[in-house]
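Counting with the numbering used here, you get residues 479 to 772 for the letters of the sequence shown.
Glycine is no exception: its CB is placed at the ideal position from the N, C-alpha and C atoms.
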Amino acid sequence: MLRNFFEKKDFMIIKKRKKMIAILLAIIVFITTFLLWQNNSIVVTRINITNVKIPDVFTGYNIVHISDLHNKKFGKNQSVILRKIVKEKPDIILITGDLIDKNKTDIGVAMEFIYGAINICPIYYVTGNHEKLSGVYSTLSQLLINAGVIVLENAKTVIEKEQQKIEILGVQDPQFSTNSYSDAFVVDESLKSLTDSNDNTFKILLSHRPELIETYAKNEIDLVFSGHAHGGQIRLPIIGGLFSPNQGIFPEYTKGVYYKENTSMVVSRGLGNSIFPFRIFNRPEIIVVTLSKT
Ligand SMILES: [Fe+2]
Numbered sequence: 479m480l481r482n483f484f485e486k487k488d489f490m491i492i493k494k495r496k497k498m499i500a501i502l503l504a505i506i507v508f509i510t511t512f513l514l515w516q517n518n519s520i521v522v523t524r525i526n527i528t529n530v531k532i533p534d535v536f537t538g539y540n541i542v543h544i545s546d547l548h549n550k551k552f553g554k555n556q557s558v559i560l561r562k563i564v565k566e567k568p569d570i571i572l573i574t575g576d577l578i579d580k581n582k583t584d585i586g587v588a589m590e591f592i593y594g595a596i597n598i599c600p601i602y603y604v605t606g607n608h609e610k611l612s613g614v615y616s617t618l619s620q621l622l623i624n625a626g627v628i629v630l631e632n633a634k635t636v637i638e639k640e641q642q643k644i645e646i647l648g649v650q651d652p653q654f655s656t657n658s659y660s661d662a663f664v665v666d667e668s669l670k671s672l673t674d675s676n677d678n679t680f681k682i683l684l685s686h687r688p689e690l691i692e693t694y695a696k697n698e699i700d701l702v703f704s705g706h707a708h709g710g711q712i713r714l715p716i717i718g719g720l721f722s723p724n725q726g727i728f729p730e731y732t733k734g735v736y737y738k739e740n741t742s743m744v745v746s747r748g749l750g751n752s753i754f755p756f757r758i759f760n761r762p763e764i765i766v767v768t769l770s771k772t
């Protein structure tokens, strides 16, 4: 009788343990699947930018914005991300830095993306802080130039369409500066040398850092593309992003469009990760901006 009681008790304990293990496994599978989805499934965000300075012939001009790839792979030879870009029929692709990552630097993975993307349309590129921190930028920049990418290191260029033009400016990430001035000062100096307040051409700026919006507005840039904040890494309702480099906790500029005086700034949540390895409620993002004259 007593033996039967203990056998039954043991059976109940084993059954309970099995149930606990099954629940634990289900939770692990759910969390793993959720994190894989959150970190690998790309979202396409479409934004319309209107401005009186945009020439008529640039109405409908499609710009794909890529930022902070951080050596991440999206399919074999980056086929997943490239397929998504092709679908958007871009006129140009803008890359705003951190194509490589300082902790897992792999130029090959970065170039797989570039070799595919350059067959879609022209690419304009600026550095992020990770290009400097990786220590391999000179090799990367040479490969980018050889592939046909327009590398803007504190430089500008013009896009012409039916005798109308817009300007594309690019500043190098302030991490490249060897002096002790602030990031804002370094970028401000670069922009001063690239802009002329008497010139009314629509100006697009590529700059990795969104926290320098005041500097962009001061230099009368019309439209800025930036990244760096990784969407605040973890996003919560109402609160938004939780942290980002150079902005700290509860960062102000993490995703979407921000306005300051006559400047509009598009901030990409980016595609890859760096020191913090996960994105939560913050899937990798491709931005598609369509221009139109007001
Ligand atoms: Fe980054």
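Let me check understanding here. Comparing Cα to Cα, which of 583, 636 and 502 lies closest to residue 673?
Each of 583, 636 and 502 was checked against the Cα of residue 673, and the nearest Cα belongs to 636.
Let me confirm a value: residue 704 is counted as buried when at least 16 other C-beta atoms fall within 10 Å, else exposed. Which label applies?
Buried, since its Cβ has 16 or more Cβ neighbours within 10 Å.
Residue 576 Cβ short of 7 Å to ligand 1 heavy atom set:
Relative to ligand 1, the beta carbon of residue 576 is positioned inside 7 Å of a heavy atom.
Check whether the segment 685–693 touches the segment 638–645, taking contact to mean three or more Cβ pairs, one atom from each stretch, closer than 8 Å.
Output reads no: the segment 638–645 does not touch the segment 685–693.
Whether residue 510 touches residue 765 by CB criterion (8 Å):
Contact: no.
From 658, 537 and 621, pick the residue whose C-alpha is nearest to that of residue 798; which is it?
Outside the modelled stretch of the chain, which goes from 479 to 772, sits residue 798, for which no answer is possible.
State buried or exposed for residue 682, treating a residue as buried only when at least 16 other CB atoms are found within 10 Å of its CB.
Residue 682 is buried by the Cβ-count criterion.
Within this structure, are the beta carbons of residue 575 and residue 604 separated by less than 8 Å?
Yes; because the gap between Cβ atoms is below 8 Å, this pair is in contact.
Out of 728, 499 and 698, which has the shortest C-alpha to C-alpha gap to residue 738?
Relative to residue 738, the option among 728, 499 and 698 whose CA is nearest is 698.
Contacting residues, own chain, Cβ-Cβ under 8 Å from residue 584 (five flanking each side not counted):
Excluding sequence neighbours, residue 584 sits near 549 and 578.
Nearest to residue 606 by CA position, among 717, 508, 700 and 545, is which residue?
Minimum Cα distance to residue 606 is reached at 545.
Rounded to whole angstroms, what is the Cα-Cα separation between residue 732 and residue 547?
Residue 732 and residue 547 have their C-alpha atoms spaced approximately 16 Å apart.
Going by CA-CA distance only, name the one from 634, 608 and 601 that's closest to residue 623.
For the residues 634, 608 and 601, the minimum Cα distance to residue 623 belongs to 601.
Could you compute how far the alpha carbon of residue 528 sits from the alpha carbon of residue 535?
Each residue's alpha carbon lies about 13 Å from the other.
Just to confirm the assignment: which complete alpha helix (DSSP H) runs, minimum length 4, are found wholly within the segment 523–599?
Runs of the alpha helix (DSSP H) inside the segment 523–599: 557–565 and 585–595.
Which of helix, strand or coil does DSSP assign to residue 520?
Here residue 520 sits in coil by DSSP.
Could you check whether the segment 706–724 touches the segment 743–763, counting it as contact only if at least three pairs of C-beta atoms, one from each stretch, sit closer than 8 Å?
Taking 8 Å as the limit for Cβ pairs, the verdict is that the segment 743–763 does touch the segment 706–724.
Does residue 746 pass the burial test, meaning 16 or more other C-beta atoms within 10 Å, or should it be called exposed?
Counting Cβ neighbours within 10 Å, residue 746 comes out buried, since at least 16 surround it.
Tell me the rounded alpha-carbon separation between residue 726 and residue 657.
Each residue's alpha carbon lies about 23 Å from the other.
Report the CB separation of residue 573 from residue 599 in whole angstroms; it is logged as a contact under 8 Å.
Contact doesn't hold; Cβ gap of about 12 Å is too wide.
In the DSSP output, what is residue 635 paired with across the bridge?
According to DSSP, residue 635 bridges with 646.
Among residues of its own chain, excluding the 5 on either side of residue 713, which ones have a beta-carbon nearer than 6 Å to its beta-carbon?
Its chain contains 719, 759 and 760 as the residues whose beta carbon lies nearer than 6 Å to that of residue 713, once the 5 sequence neighbours on both sides are disregarded; these appear in chain order.
Same chain, Cβ closer than 6 Å to residue 631, neighbours up to 5 away in sequence not counted
Short of 6 Å from the beta carbon of residue 631, and not among the five residues preceding or following it, lie these beta carbons of its own chain, in chain order: 650.
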